[in-house]
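Undergrad: Just passing along the structure, written as structure tokens.
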Amino acid sequence: MAMRPLVAAGFALLALSLGACQDGSMGGGVPLRALAPVPPKTLALMAQKGMSQSDPILIRAYKREAEMEVWKRGTNGQYALLKTFPICRWSGQLGPKTKQGDRQAPEGFYTVTPGQMNPNSSYYLSFDTGYPNAYDRANGRTGNYIMVHGTCSSSGCFAMTDESMGEIYALARDSFAGGQRAFQFQSYPFRMTAANIAKFRNDPNAPFWKNLKEGSDYFEALRDEPRVGLCGTKYVFGGADAAAGSCTPRVEPQVAEKRERDNREIADLIAKGTPATRLVYDDGSQNPVFRGQQTPANTLTFASLGKAPPEPELPYDPKDYAQHKLGDVSRPESLAAGEREIEVDAKGRPVMMAAVAPIPTKAAAANLARKGTAPAAKPEPVVAEPAKPARVMVADAEGDPAAYKKLFGNVFSNGAPATPATDAATVPAVAAAEPIAAKPAPKHAPAKAAHAAPAPAKGGKPDEEKAAKPVHKTASAAATASPKTTGSTTPKNSPTPKD
């Protein structure tokens, strides 16, 4: 009886190898790494939580936190969190993938079937997220073959390290062997908390993220997989009526209560003065456990706004993941910059905080010039509460509306996703921003960035769509690609598989 799950898993893997794209490894057969069992520690964790290897799974990914959760459904029909894995690398900016070659990791609700599992990936092991789904196609989004895979190199994917990917692959494999036909993959820009929704309310992606939160609320309130439908160009979530495409699916009382509670908290946070912010990356990020420590604050272009909350207790031991072999890490120079949290106004334009210095009048300045000496400074009275700093706009929309775009490149372009130009940095260095805050330019003088983002290369290949096809290669060239490439990590001599 103990051998039956292993035998079933073997037959399932044979079926997977026939349906998945091949890259020639192991002569087209199933490599031993795809047959590796779930680690003993994880099996013990399952037993502790009352789970079995064959129970269905559901996976949730969060970009900003760089974490991926594996949930399992129990006999009561509800999902419980099994394990959280730190993400070694994701690329692009917060926001959905919209077009082929934009280096964006997708955001949304996706379905992963056995045929999307790739045991022969050159990125150790992988599975296709299912991008683009019906929602993506309805919104004109392009691209394909966006994967969750091993290594630590990304050009639109979620790179997990070989060790983590081997474990995630085994968990999915055993669930398929237990009869699960497909598992849901939920991808978010960040955890869908009221605090995050309030902070990022002026981001151009805010309406899309609120739509994603509806599905997140359903899962978190009921611990059940939401049925996903499409109403025009929006997601709808719920039960069978949502799956059938109803634009007004029934909302369960627990879900409605959570949404109402969160909306009250969001309104309260905004009323208390929570600044609206955006996050900017050079090219994505990774979980700090793979860097050994957080990026020092003095390396950031802008300091994070407000007092940082206390660090939460991690659901994993950093020491375990600090020992993972990362191989070639894509664009390490972009990781060194970290994220920049920038306050923005209602139109999404960046706002900088600068202390106000007293400016003498022209008459006083002329009087001092005639005397040749400055009067002795009178002692300043003690002020119980410091004056609030003034908000200085990076660019005056009436004077030079394009100045803030020059400063931040494509990150703040209207109507376009918050993504960098391919192989081009979109955030200027600290030196570009400091003079603006210390000494604002005249109204009609355009603000100059320290360096302009170069134009996208012509004739380049798409990035992750081919880099992460089930025909993968090692990510050795990702960090040294020339400015004229698009970050593709597809080997030159590898065959081009078709889905």
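Using the working numbering, the letters of the sequence shown correspond one by one to residues 84 to 582.
Note that beta-carbon positions come from the ideal geometry of N, C-alpha and C, so glycine has one too.
Just so it is clear, the structure is predicted and the values come from calculations on it, not from any experiment.
1. What did DSSP end up calling L418 once you bin it into helix, strand or coil?
2. Assess, as a yes-or-no matter, whether the segment 223–230 is touched by the segment 254–264 under the definition of 3 or more beta carbon pairs within less than 8 angstroms.
3. Look up I170 in the DSSP assignment and say whether it is helix, strand or coil.
4. Can you name, in chain order, every residue of its own chain whose Cβ lies under 6 angstroms from the Cβ of R431, other than the five neighbours on each side?
5. Less than 8 angstroms between the CB atoms is what I'm expecting for G315 and F192, so what's the real figure, rounded?
6. Would the segment 265–278 count as touching the segment 142–149 if we require 3 or more Cβ pairs under 8 angstroms?
7. If G249 and R116 are in contact, beta carbons under 8 angstroms, what's the gap, nearest whole angstrom?
8. Would you tell me roughly how many angstroms separate the C-alpha atoms of T588 and P309, rounded to the nearest one?
9. So what does DSSP say about M243, is it helix, strand or coil?
10. Measuring from the CB of E152, is there a heavy atom of the ligand NAD at a distance below 7 angstroms?
11. Return the CA-CA distance between S258 and Y214, expressed in angstroms with no decimal places.
12. What are the boundary residues of the beta strand (DSSP E) that includes Y193?
13. Apart from the five residues on each side of it in sequence, which residues of its chain come closer than 6 angstroms, Cβ to Cβ, to G261?
14. To the nearest angstrom, report how far apart R186 and G175 are at their CA atoms.
15. Let me confirm a value: T360 is counted as buried when at least 16 other C-beta atoms fall within 10 Å, else exposed. Which label applies?
16. Would P202 and V113 be called neighbours here (beta carbons separated by less than 8 angstroms)?
17. Based on Cα-Cα distance, which residue from Q161, T196, T167 and S135 lies nearest to E396?
18. Thinking C-beta only, is Y318 closer than 8 angstroms to N294?
19. Out of V372, P415, A119 and A163, state which residue places its alpha-carbon closest to the alpha-carbon of Q131.
20. Going by other Cβ atoms of all chains shown within 10 Å of its Cβ, with 16 needed for buried, is K155 buried or exposed?
21. Could you spell out where the beta strand (DSSP E) holding P211 opens and where it closes?
22. Would you mind reading off the limits of the alpha helix (DSSP H) that contains T360?
23. When the Cα of R147 is compared with those of V434, A429, L128 and S368, which residue comes out closest?
24. Whose C-beta lies closer than 8 angstroms to the C-beta of T125 among residues of the same chain, with five residues either side of it excluded?
25. Which residue marks the beginning of the beta strand (DSSP E) containing L141, and which one marks its end?
26. Spatial neighbours of A354 within its chain, please: CB distance less than 8 angstroms, with the 5 preceding and 5 following residues excluded, ordered by chain position.
27. Hey, could you find the ends of the beta strand (DSSP E) K155 is sitting in?
28. In chain order, which alpha helix (DSSP H) runs of at least 4 residues are fully inside the segment 315–346?
29. For the alpha helix (DSSP H) containing Q131, name the first residue and the last one.
TA: The relevant details are as follows:
1. Looking at L418 - three-state DSSP - the assignment turns out to be helix.
2. No contact exists between the segment 254–264 and the segment 223–230.
3. Note: I170 maps to coil in three-state DSSP.
4. Per the sequence shown, the amino acid found at residue 431 is Gly instead of Arg. Beyond the five residues adjoining it in sequence on each side, G431 comes within less than 6 angstroms, by CB distance, of N285 and P287 in the same chain, given in chain order.
5. About 16 angstroms; that fails the 8 angstroms criterion.
6. Enough Cβ pairs lie closer than 8 angstroms, so yes.
7. About 6 angstroms; that satisfies the 8 angstroms criterion.
8. The question about residue 588 has no answer, for the chain in this structure spans 84 to 582.
9. Reduced to three states, the DSSP call for M243 is coil.
10. Among the components of this structure there are no ligands whatsoever, and the ligand NAD is therefore not found.
11. The C-alpha of Y214 is placed about 22 angstroms away from the C-alpha of S258.
12. Run containing Y193: G191 to V195, per the beta strand (DSSP E) assignment.
13. The beta carbon of G261 sits closer than 6 angstroms to those of S137, all from its chain and outside the five residues before and after it, given in chain order.
14. The straight-line gap separating the alpha-carbon atoms of R186 and G175 is approximately 5 angstroms.
15. Residue environment: T360 is assigned as buried (16 or more neighbouring CB atoms within 10 Å of its CB, all protein chains considered).
16. Going by C-beta atoms, P202 is nearer than 8 angstroms to V113.
17. Nearest C-alpha to E396: T167.
18. Going by C-beta atoms, N294 is nearer than 8 angstroms to Y318.
19. Comparing alpha-carbon positions, the option among V372, P415, A119 and A163 lying closest to Q131 turns out to be A163.
20. The residue is buried, with at least 16 neighbouring Cβ atoms inside 10 Å.
21. Reading the sequence as shown, one finds Asp at residue 211 and not Pro. Where D211 is concerned, the enclosing beta strand (DSSP E) starts and stops at S209 to D211.
22. According to the DSSP assignment, T360 belongs to no alpha helix (DSSP H) but to the beta strand (DSSP E) extending over T360 to V363.
23. With distances taken between CA atoms, R147 lies nearest to S368 out of V434, A429, L128 and S368.
24. The answer, listed in chain order, is L165, K166, E250 and L254.
25. Looking at the DSSP string, the run of the beta strand (DSSP E) that includes L141 is I140 to Y145.
26. Result list for A354: empty, nothing under 8 angstroms.
27. Residues E150 to R156.
28. Counting whole runs of 4 or more residues, the segment 315–346 contains the alpha helix (DSSP H) stretches 323–326.
29. Boundaries of the alpha helix (DSSP H) around Q131: P123 to Q131.
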